[in-house]
Each structure stands twice: as structure tokens, then as C-alpha cells.
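There are 2 protein chains.
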Amino acid sequence: MGARAGIIVTGTEVLTGRVTDRNGPWLAETLRGFGVDVAHVLLVGDRRTDLSSALLFLTGSGVDLVITTGGLGPTADDLTAEVVGDIQGRPARLDPLLEGRIQVIVTNLMSRRGWQVDPEATALGVRKQALVPEGSAVLEPVGTAPGLVVPVGRGRAGPPVLVLPGPPAELQGMWPAALADPAVQRALAGREELRQQTLRLWNTPESELAATLRQIEPALGGLEITTCLQGGELEVVTRYGPAAQPAYDGLVAALQASYRQRLFSVDGLTVDEIVADALRTQNLTIATAESCTGGLLAGRLTDRAGSSKWVQGGLVVYSNQAKRDLAGVPADLLERVGAVSAEVAEALAEGACCRLGADVGVGITGVAGPGGGSPDKPVGLVHLCVVGRSRRIPRTVVLPGSRADVRARSVTLAMHLLRELLADELPIQVGGPARCSEHRTGP
Amino acid sequence: MGARAGIIVTGTEVLTGRVTDRNGPWLAETLRGFGVDVAHVLLVGDRRTDLSSALLFLTGSGVDLVITTGGLGPTADDLTAEVVGDIQGRPARLDPLLEGRIQVIVTNLMSRRGWQVDPEATALGVRKQALVPEGSAVLEPVGTAPGLVVPVGRGRAGPPVLVLPGPPAELQGMWPAALADPAVQRALAGREELRQQTLRLWNTPESELAATLRQIEPALGGLEITTCLQGGELEVVTRYGPAAQPAYDGLVAALQASYRQRLFSVDGLTVDEIVADALRTQNLTIATAESCTGGLLAGRLTDRAGSSKWVQGGLVVYSNQAKRDLAGVPADLLERVGAVSAEVAEALAEGACCRLGADVGVGITGVAGPGGGSPDKPVGLVHLCVVGRSRRIPRTVVLPGSRADVRARSVTLAMHLLRELLADELPIQVGGPARCSEHRTGP
Numbered sequence: 001m002g003a004r005a006g007i008i009v010t011g012t013e014v015l016t017g018r019v020t021d022r023n024g025p026w027l028a029e030t031l032r033g034f035g036v037d038v039a040h041v042l043l044v045g046d047r048r049t050d051l052s053s054a055l056l057f058l059t060g061s062g063v064d065l066v067i068t069t070g071g072l073g074p075t076a077d078d079l080t081a082e083v084v085g086d087i088q089g090r091p092a093r094l095d096p097l098l099e100g101r102i103q104v105i106v107t108n109l110m111s112r113r114g115w116q117v118d119p120e121a122t123a124l125g126v127r128k129q130a131l132v133p134e135g136s137a138v139l140e141p142v143g144t145a146p147g148l149v150v151p152v153g154r155g156r157a158g159p160p161v162l163v164l165p166g167p168p169a170e171l172q173g174m175w176p177a178a179l180a181d182p183a184v185q186r187a188l189a190g191r192e193e194l195r196q197q198t199l200r201l202w203n204t205p206e207s208e209l210a211a212t213l214r215q216i217e218p219a220l221g222g223l224e225i226t227t228c229l230q231g232g233e234l235e236v237v238t239r240y241g242p243a244a245q246p247a248y249d250g251l252v253a254a255l256q257a258s259y260r261q262r263l264f265s266v267d268g269l270t271v272d273e274i275v276a277d278a279l280r281t282q283n284l285t286i287a288t289a290e291s292c293t294g295g296l297l298a299g300r301l302t303d304r305a306g307s308s309k310w311v312q313g314g315l316v317v318y319s320n321q322a323k324r325d326l327a328g329v330p331a332d333l334l335e336r337v338g339a340v341s342a343e344v345a346e347a348l349a350e351g352a353c354c355r356l357g358a359d360v361g362v363g364i365t366g367v368a369g370p371g372g373g374s375p376d377k378p379v380g381l382v383h384l385c386v387v388g389r390s391r392r393i394p395r396t397v398v399l400p401g402s403r404a405d406v407r408a409r410s411v412t413l414a415m416h417l418l419r420e421l422l423a424d425e426l427p428i429q430v431g432g433p434a435r436c437s438e439h440r441t442g443p
Numbered sequence: 001m002g003a004r005a006g007i008i009v010t011g012t013e014v015l016t017g018r019v020t021d022r023n024g025p026w027l028a029e030t031l032r033g034f035g036v037d038v039a040h041v042l043l044v045g046d047r048r049t050d051l052s053s054a055l056l057f058l059t060g061s062g063v064d065l066v067i068t069t070g071g072l073g074p075t076a077d078d079l080t081a082e083v084v085g086d087i088q089g090r091p092a093r094l095d096p097l098l099e100g101r102i103q104v105i106v107t108n109l110m111s112r113r114g115w116q117v118d119p120e121a122t123a124l125g126v127r128k129q130a131l132v133p134e135g136s137a138v139l140e141p142v143g144t145a146p147g148l149v150v151p152v153g154r155g156r157a158g159p160p161v162l163v164l165p166g167p168p169a170e171l172q173g174m175w176p177a178a179l180a181d182p183a184v185q186r187a188l189a190g191r192e193e194l195r196q197q198t199l200r201l202w203n204t205p206e207s208e209l210a211a212t213l214r215q216i217e218p219a220l221g222g223l224e225i226t227t228c229l230q231g232g233e234l235e236v237v238t239r240y241g242p243a244a245q246p247a248y249d250g251l252v253a254a255l256q257a258s259y260r261q262r263l264f265s266v267d268g269l270t271v272d273e274i275v276a277d278a279l280r281t282q283n284l285t286i287a288t289a290e291s292c293t294g295g296l297l298a299g300r301l302t303d304r305a306g307s308s309k310w311v312q313g314g315l316v317v318y319s320n321q322a323k324r325d326l327a328g329v330p331a332d333l334l335e336r337v338g339a340v341s342a343e344v345a346e347a348l349a350e351g352a353c354c355r356l357g358a359d360v361g362v363g364i365t366g367v368a369g370p371g372g373g374s375p376d377k378p379v380g381l382v383h384l385c386v387v388g389r390s391r392r393i394p395r396t397v398v399l400p401g402s403r404a405d406v407r408a409r410s411v412t413l414a415m416h417l418l419r420e421l422l423a424d425e426l427p428i429q430v431g432g433p434a435r436c437s438e439h440r441t442g443p
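Going down the list, the protein sequences come from chains A and B. So that you can map any letter, position 210 of the first sequence is 210 in the numbering used here, and since no number is skipped, the others follow by simple counting. So that you can map any letter, position 411 of the second sequence is 411 in the numbering used here, and since no number is skipped, the others follow by simple counting.
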């Protein structure tokens with residue numbers, strides 16, 4: 001096995017999830033892309049003994065490098081440098097030149113922000129940040145805190161510990177300097193070139209994929225395959241060394257043969273990217289009319305920079321009155337079949353196109369729950385329809401899960417219906433959308 | 001110290017951050033609220049040796065209970081039950097009755113989704129899920145996977161391991177049964193009664209709060225206070241034993257005196273809950289017209305069950321044409337001041353009210369970036385306006401961060417403007433909204 005690393009993320013607020021940790025995932029992905037395998041990411045609060053035992057575990061776990069993030073600030077609960085020094089057997093020493101440099105940074109920062117400087121408190125904090133475990137390399141601050149590379153002390157065995165600051169911009173800004181450090185380079189010398197590819201399947205149970213993989217197992221040597229089901233999409237991530245490229249190509253061919261259209265992405269593209277690219281390259285505009293998803297589809301379509309080129313806009317038609325007045329759903333249709341019906345989904349898609357002058361329309365209406373269900377129209381029942389210039393695709397599903405699940409899955413399903421529609425949508429024809437008159441009513 | 005727990009979250013996809021782990025934070029928060037302290041959350045991939053060493057570390061770390069999430073599926077990379085059995089010294093045994101129950105669940109699920117069943121593959125997966133470490137208690141499946149409480153084997157010492165499934169809805173659904181298990185109850189018997197309260201401040205820098213807390217520090221004995229800045233809101237979470245209730249009451253009084261209106265929640269309510277309650281109790285309806293936020297505000301307003309009572313609907317007016325045709329923004333206004341302007345934000349709020357017949361309207365227009373900025377109208381510039389029956393609140397801001405940050409913060413800011421507006425909105429007057437004629441143009 002090649003080089004391996006373990007990661008420690010400190011801070012009570014990430015332990016309790018009030019702040020979502022972005023450093024662990026970033027480091028894990030960056031290291032993997034770099035050919036270094038990550039065994040563990042350990043979240044630990046601001047308690048000295050917990051940080052200490054986490055460091056003992058990871059430095060003793062056989063990895064080549066341990067990386068810590070956070071806990072380098074000026075206040076008393078910022079313990080990382082000190083505890084790492086203890087574990088590595090390297091007592092702290094004040095670095096007076098570093099102290100001077102940090103003092104300049106802090107003074108500039110406070111005056112730029114117009115904050116009052118308490119000279120005494122500031123000096124104490126700066127001095128704390130300039131305490132460096134003996135024999136460590138200092139990585140210059142990107143914010144105010146320096147990073148450290150702390151080798152194991154004389155007469156002991158174990159990997160070096162790379163100590164990085166917690167703010168993601170500071171950590172990422174310091175990363176090139178960290179990789180250039182000789183001790184870090186030695187630690188990661190055993191790294192292997194590793195490739196990573198992502199395949200995406202739609203509407204495929206995990207058990208079916210597992211069965212397929214079992215059948216072709218002898219041909220999969222050298223591939224590390226992980227699968228993950230997310231909102232109806234099955235993501236297959238494969239990591240392998242260069243020698244296993246033929247095995248990977250064989251996997252792709254086998255899955256293409258088994259799953260055809262359901263294997264909708266072999267190049268890492270997400271359904272969002274595929275839909276956006278299709279709209280852009282075919283020069284089509286899109287509009288939505290959403291009831292139960294309440295704007296989430298429009299929000300997702302406009303996540304991408306530049307989406308104003310193809311997203312015309314959307315209607316959130318929560319009330320029946322809005323369905324009538326805004327989307328032009330005929331009142332008698334609403335009365336006859338009810339707001340949650342395939343007919344109304346289609347009328348919404350039509351109405352979105354018509355009212356917003358778009359080429360492609362999406363209509364969604366359903367019972368997101370948890371209340372409002374009936375024997376006829378249970379919670380989770382969602383009708384969708386996408387309409388283009390040449391054809392339309394209606395779809396009715398009953399989705400499991402919470403209100404949030406039903407809404408999120410409906411949006412993902414709509415994205416896949418759009419992908420299907422756009423895969424063979426005809427080029428734009430001359431002349432306006434004739435169907436606009438169909439459902440047109442006041443105001 | 002009272003009862004403590006350690007948490008292991010399995011899955012290569014959470015280790016690499018492709019899926020954001022929700023279970024670790026949920027468990028940590030739930031346990032803390034319950035008086036159980038969490039020392040470590042360990043993310044580990046789907047590799048047997050890594051899971052094994054993680055379990056050895058946590059079961060040997062002195063905690064009273066170890067909890068694992070994930071890795072209970074039917075496929076080969078789902079290892080948790082087996083590895084936990086190894087560590088606890090409890091070999092796996094097939095539970096034939098459990099196998100039958102899982103078989104029924106899986107068959108129903110596949111037929112409900114209209115999936116083809118491969119009987120052989122399914123039977124293998126079901127059998128794997130019914131393999132239970134000897135002497136364990138089974139927690140009935142909420143999805144397809146059972147949970148387990150695996151006590152330490154005879155002749156060994158260590159805490160029991162509570163094995164829970166990975167999908168958050170399944171984990172949370174199984175939690176009451178897990179807490180009711182006698183071995184879990186014994187493990188957590190040492191828990192201390194702990195109160196947890198959340199205060200929320202709007203528009204307050206963390207350093208200002210830190211200064212306030214320093215001033216009143218002598219009065220804060222027995223309170224564990226953590227603060228966290230999220231999207232412009234400062235959340236203050238305080239944990240304390242019953243004896244420190246007077247200290248907590250003193251903290252609230254001191255913050256109320258210092259921060260007045262900015263301390264917008266002292267009872268744990270979120271701004272979303274406050275706005276929804278205000279709309280419901282004042283019997284008001286709401287509508288939105290969003291440009292740069294593309295439907296995210298409407299999506300957030302409809303997150304809550306029952307929101308159809310007050311959310312009338314919304315307009316996503318990405319193009320200028322949509323702003324004119326749908327929201328009734330006058331063409332000459334758009335030409336004169338541009339789409340990103342305070343005037344258009346106000347016209348959008350008016351248009352939302354008018355077109356959807358709502359009592360309260362919100363308009364948002366801005367430059368979400370990363371492109372599209374200019375010296376006059378930089379990336380991050382957002383104009384908002386909320387209008388009610390008795391008054392209107394306009395607001396212009398320049399928000400930092402990425403496209404996603406700008407959009408998310410704009411939505412949060414809109415929620416706070418609504419909160420402000422609704423705090424002293426007049427009761428509904430008889431008669432329709434007269435302002436509707438102001439901006440009315442063709443359909």
C-alpha cells in the first residue's frame with residue numbers, strides 16, 4: 001500500500017455539527033487525488049485529553065503523516081500546537097522573530113477592520129501563537145496563525161504531524177507551502193498515482209448493481225469501487241492505479257451493456273451539468289411551474305453561474321388561485337381532477353412555457369406531506385411533466401420519506417426527466433410556441 | 001464526569017465528503033441534549049482494517065457507549081455488523097426469523113418501486129443483513145436494515161456498541177428503540193441532567209458578543225457557552241446543570257439589555273418559525289418575486305408543513321421579460337435604473353403581492369456572481385424589499401462570498417426583513433390591496 005494519512009479536525013462547533021466541517025473532506029479529496037490514501041478523519045472537541053488521545057491513536061495507526069486543522073488561534077481553548085508538541089515529545093519555545101511578524105499582521109488586520117486594539121490582550125495572544133514546538137518547521141501565516149510541521153522527538157518513532165489552521169481559506173492557502181516542506185515530502189514519498197472516476201446510474205437499486213459487480217468480479221482486479229445511493233441516483237466511484245486502466249475500461253463497458261440509458265454519466269458529469277449543457281448547446285430556454293416543490297427546482301436550475309442564459313424564470317403556484325391566475329390552469333380542470341393530478345402537472349408545464357415564453361417547461365404537483373394525504377392521493381404522490389417543442393414526458397410516482405425527502409426527490413426526478421427530454425429534443429423551429437393558446441385564461 | 005459516548009460514521013463517501021455526514025452531528029447534539037458527552041466523531045471508509053482500528057480505539061477510550069452508523073446494507077462493502085462482532089468477540093449467527101421479516105420488507109419495497117427482483121441476489125443480500133453477532137439485541141428495521149446492540153463478549157471488558165443504519169431517516173426513526181434497549185440504558189445511566197438553550201442574535205459580530213461575555217464573566221459560573229456565526233446569525237448555545245439556572249437567566253437578561261431587537265430569539269425559535277407563526281397568527285398570506293435567489297426563498301418558506309395556509313406562491317423572474325410580464329415591473333423603470341436596483345426590488349415586492357393576491361410581498365434582485373459585476377453594481381450587491389399592508393422595508397447590501405453564499409445570505413436576510421415587518425404589521429383591513437394598480441401592466 002502507498003502513503004497514507006490521518007486527519008484530525010478540532011473544534012467543539014464541528015464536533016456538534018453546528019458548523020459543517022469543510023477541511024476534512026477537502027484534505028481527504030486533495031490527498032486522494034495526490035495518491036495518498038486517507039484512513040480516518042477524526043472530529044474532536046476543544047478538550048485537551050480528547051485531542052491528546054486522538055493524536056495518540058492516529059500517530060500510532062501506521063500512517064505516514066498526521067494532519068490537524070484548527071485550534072491555532074490566540075485564545076485559551078486553542079490547544080493544538082501545544083498538545084501536538086507534547087505528543088511528539090517537543091516542548092514549546094518562543095520564536096521571537098515569528099512573534100514580531102504575527103504582531104505586524106494582527107495590528108494591520110485590526111486597524112483595517114476599525115477594531116479597538118487592547119495592546120495587552122493582543123500581545124498575549126500573539127505570544128501564544130509564536131510558541132513553536134522545538135525542532136518544528138514554521139509555515140508562514142496566511143491569516144494570523146502559522147502552520148507547523150512537527151517531527152517526532154528524538155528516541156521516539158512515528159510520523160510527523162502537519163498542523164494547519166482552521167479557516168478553510170487559510171488552510172487551502174497554506175497547502176502549497178505544506179507540500180513543499182521536506183519532512184512532508186519524505187512522509188508522502190510512497191504515494192502512488194491514483195486515478196478516480198465517477199459513474200452515475202439512475203433508477204437502479206443498489207442490489208442490482210451489486211449483483212452485476214459480483215458477476216464480473218474476476219475482471220475487476222486493482223479497482224477499488226464504492227457505491228452510494230443519493231436521492232435516487234447511484235454513484236459509483238472507482239479508484240485505481242495506472243496498471244488497472246484496462247480493468248476500469250472493462251467495468252465501464254460491462255455497465256454500459258447492462259444498464260444502457262440508466263448509466264447516464266460516465267465522465268463525472270452530474271445531471272445538473274448535463275441538463276445545463278443541453279439547454280445551452282441547443283439554445284433552449286426553460287421555465288418551471290412548481291406546487292409541492294415550492295421553487296426548489298427553479299433554485300436548483302439557477303445554482304449555476306450563467307444560468308440566466310437559459311433559465312427564463314418560474315412560477316411557484318402553491319394555491320389553486322395561483323395555479324389558475326399565474327399558470328393558466330383551467331378552473332374547470334382543477335375542479336374536475338384536483339390540483340394533484342397528471343392533467344394539472346401537464347397544464348403547469350404548458351403554463352410555464354407559455355407565461356414565460358420558454359422552449360421547455362416543467363410542471364410539478366404533489367402531496368409533500370406529512371399531512372394532506374388521502375387514500376386516493378397519498379403522501380408522496382407526485383405528478384410531473386416536462387414539455388419540449390417536439391414531445392412531452394409525464395411521470396407519476398409515490399415517493400417515500402419525509403416532506404423534505406419528497407420535495408428533494410421530486411426535484412431530482414424532474415432533472416432526470418429534463419435530461420431524457422433534452423437527449424433527443426428537436427432543434428428549435430421557426431415560429432412561436434403555438435400551444436400557448438391552449439390553456440390561456442385571464443388575467 | 002457523566003456518561004460519555006464515541007461515534008463512528010462509516011462510508012468512503014462521507015470520508016471524502018462527497019456526502020455530507022448528517023448522522024455524527026445529529027447524534028452528538030441529541031446525546032448532549034440528553035446529558036451524554038461526546039468525545040470523538042470518527043469518519044472511516046469502507047476498509048475492514050480501518051473500521052477495526054477505529055472500533056478498537058473508541059471501545060478502549062473509556063467511553064460508556066460506542067455508536068456506529070452505516071455499513072449495514074446488502075452489499076459486500078457493508079461490513080459494520082461483522083467487524084463489530086469481531087471486536088466484541090461475538091461471532092455472527094443467522095437469525096432466520098429476522099431474515100424472513102427483511103425478505104418481506106425488501107420484496108414490498110421493490111414491488112412498490114416497480115423494480116425487477118433478482119430473487120437470488122436479493123436472497124443473498126437479505127441473508128447478509130440477517131447475520132447477527134451472537135448475544136446482540138436486534139432493533140427492528142425502519143428501512144431494510146436492522147440495528148443492533150452488541151454487548152462485549154464474555155471474559156472481556158468494554159462498552160456495548162450500538163449499531164445504527166446510515167440513512168438519517170432510518171437512524172432517527174430507530175433512535176427511540178435504541179434508547180429503550182436495556183444495555184444502552186445501563187451504559188448511559190451516569191448521564192447528568194443537562195439543560196441546553198439557544199439564543200439567536202442578528203447582525204452582531206462575534207467579537208462584540210465576546211466582549212460582552214468577558215464583561216459579565218464572573219456571573220457565568222456553571223454555564224458552558226459556545227457561539228457560532230452562521231449566515232449572518234450568531235447562535236449562542238448554553239449548556240448547564242439545574243443549579244446554574246439563575247446564572248443562565250442572568251445571561252439572558254444581560255444580553256437582552258445589551259442587544260435589544262438584535263437578540264431576536266430567546267426560546268430556540270428560528271427566524272423561519274417566527275415568520276411562519278407571525279403569518280399564521282395574523283392570518284396573512286405571502287408571495288415572493290425573486291431574481292438572483294431563483295426560487296430559494298419560496299422553497300424555504302414552503303419547507304414547513306402547513307405552509308400552504310400562508311404561502312400564496314411566488315415568481316422566479318430571472319429574465320427582464322419575466323420581470324415585466326410576470327411581476328409587472330414597468331419596462332421604462334427597468335430601462336432607467338436597471339434590473340438590479342432598489343426601485344425594481346420594490347416593484348417586484350409589489351408585483352408579487354398584486355399578481356398573487358397576497359398581503360405580504362418580497363422582492364429580491366442582485367448580482368449573485370461570480371460574473372456579471374460592474375464598478376457600479378459589484379458581485380454581491382443585492383436589493384431587497386418587503387411590503388406589508390401598513391409599511392415597507394427596503395434594504396441594500398453587498399454580500400461577500402461565493403455565488404451560493406450570496407444567494408443563501410440573501411434568503412436569510414429576506415427572512416429577517418419579514419420578521420421585522422411582521423413584528424408590527426397592522427391587522428388586515430377590509431378591502432382589497434389598493435396598490436395593485438400601481439405597477440399593473442399587460443398579462
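No residue lacks a Cβ here, since even glycine has one placed at the ideal position from N, Cα and C.
- Boundaries of the alpha helix (DSSP H) harbouring CYS353(B): 342-356, taken from the DSSP string.
- Proximity to GLY222(A) across GLU208(A), LEU251(A), ALA211(A) peaks at LEU251(A), based on C-alpha coordinates.
- Distance between LEU51(B) and THR68(B), taken at the CA atoms: about 10 angstroms.
- With respect to the 8 angstroms criterion, ARG389(A) and ASP359(A) are classified as neighbours on the basis of their beta carbons.
- When secondary structure is reduced to three states using DSSP, VAL104(B) falls in the helix class.
- Think of a sphere of 8 angstroms around the beta carbon of HIS416(B): no beta carbon from chain A falls inside it, the nearest being about 19 angstroms out.
- Remark: C-beta atoms of VAL44(B) and ILE8(B) approach each other more closely than 8 angstroms.
- For chain A, the residues of the segment 46-73 of chain B that bring a beta carbon within less than 8 angstroms of one of its beta carbons are ASP46, ARG47, ASP50, SER53, ALA54, PHE57, SER61, GLY73, in chain order.
- The residues ALA287, THR288, ALA289, GLY314, LEU315, ALA327, ALA358, GLY361, VAL362, GLY363, in chain order, have a CB closer than 8 angstroms to that of ALA352(B) in the same chain once the five nearest residues on each side in sequence are set aside.
- For ASP37(A), the secondary structure class from DSSP, reduced to helix, strand or coil, is strand.
- In the structure shown, the three-state DSSP call for GLU140(A) is coil.
- Here DSSP, grouped into helix, strand and coil, assigns PRO394(B) to strand.
- Excluding its 5 nearest sequence neighbours in each direction, ALA123(A) has C-beta neighbours in its own chain below 8 angstroms: GLN103, listed in chain order.
- DSSP places GLN129(B) in no beta strand (DSSP E) but in the uninterrupted alpha helix (DSSP H) bounded by 119-129.
- Chain A places a beta carbon closer than 8 angstroms to that of TYR318(B), counting this residue as a contact.
- When Cβ-Cβ separations below 8 angstroms define contact, GLU273(A) makes no contact with chain B.
- PRO133(A) carries a strand assignment under DSSP once its states are collapsed to helix, strand and coil.
- Listed by position along chain B, the residues whose Cβ is nearer than 8 angstroms to that of ASP405(A) are ALA169.
- The Cβ atoms of LEU263(A) and LEU199(A) sit closer than 8 angstroms to each other.
- Taking the Cα of ARG186(B) as reference, the smallest distance to any Cα among GLU13(B), VAL397(B), VAL36(B) is reached at VAL36(B).
- 8 angstroms or more divides the Cβ of PRO400(A) from the Cβ of GLU346(A).
- The Cβ neighbour count for ASP249(B), taken over all protein chains shown within 10 Å, is under 16; the residue is labelled exposed.
- Under the Cβ criterion (8 angstroms, minimum of three pairs), the segment 327-337 of chain B does not count as touching the segment 376-385 of chain B.
- At a cut-off of 8 angstroms between beta carbons, GLU13(A) contacts chain B.
- Nearest to ARG93(B) by alpha-carbon distance, out of ARG47(B), ALA137(B), SER207(B), GLY295(B), is ALA137(B).
- Looking at the backbone, the Cα of THR302(A) and that of VAL271(A) are separated by about 14 angstroms.
- Contact annotation for THR270(B) against chain A: no contact, minimum CB-CB distance about 13 angstroms [criterion: below 9 angstroms].
- Contact annotation, ALA178(B) with LEU162(B): C-beta distance approximately 6 angstroms; criterion of less than 8 angstroms satisfied.
- In this structure, TYR318(B) sits near GLN312(A), with a CB-CB distance shorter than 8 angstroms.
- In terms of Cα proximity to ARG391(B), the closest of LEU417(B), GLU217(B), ARG409(B) is LEU417(B).
- Per DSSP, ILE8(A) is one residue of the beta strand (DSSP E) stretching across 4-10.
- Residue pairing by DSSP places GLY314(A) opposite THR288(A), VAL316(B) in a beta bridge.
- Closest in C-alpha terms to GLY268(B), from the list LEU148(B), VAL237(B), THR365(B), VAL149(B), comes VAL237(B).
- One alpha carbon belongs to THR75(B), the other to LEU27(A), and they sit about 28 angstroms apart.
- Taking C-beta atoms as the reference points, LEU79(B) and ASP46(B) count as a pair closer than 8 angstroms.
- With contacts defined by Cβ atoms closer than 8 angstroms, GLY295(B) and ALA3(B) do not form a contacting pair.
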